[in-house]
């Protein structure tokens, strides 16, 4: 009986490790719809004068649950930033403003007055998964 305890315990630990690994790597990759990405563009254009925006990465921090959206403005590596969102529903509206940080990097493209009417047809947008 004693000789079975050790292999049984090791087997149970191995099974738990395998199940834990599957749950960690088995989740689906997060992504955003084109409409949600357009909403982000509209919210940025409202307060910043931009010609292009590239969505470079979207992920979720597993510890905090926060969604992180990486963007590059006007093709400049100096105008790269990460936008945090607590939940995806925040990306379903196009009316709120989005502040870009660090402020010093983006103040030269910040508008003096927010736009009332927003048209993104002239903005070059590179969407995720393109």
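Numbering (UniProt numbering), first residue to last: 1 to 130. Quick reminder that beta carbons are idealized off the backbone N, C-alpha and C, glycines included.
- Distance from the Cα of residue 121 is smallest, within the candidate group 91, 88, 33 and 45, for 45.
- Annotated as proximal: residue 97 and residue 43, with beta-carbon spacing under 8 Å.
- Between residue 82 and residue 70 the beta-carbon gap is near 5 Å, inside 8 Å, which marks them as a contact.
- Per DSSP, residue 42 is one residue of the alpha helix (DSSP H) stretching across 34-45.
- Contact between residue 33 and residue 58 does not hold, since their C-beta atoms are separated by about 11 Å, which reaches or exceeds 8 Å.
- Taken through DSSP and simplified to helix, strand or coil, residue 118 comes out as coil.
- Taking residue 94 as the centre and dropping the five residues before and after it, the same chain places the C-beta of 38, 39, 42, 43 and 118 closer than 8 Å to its C-beta, in chain order.
- Around the beta carbon of residue 79, 16 or more other beta carbons lie within 10 angstroms, which makes this residue buried.
- A residue is called buried when at least 16 other Cβ atoms come within 10 angstroms of its Cβ; residue 61 does not meet this threshold and is exposed.
- With fewer than 16 other CB atoms across the displayed protein chains lying within 10 angstroms of its CB, residue 104 is exposed.
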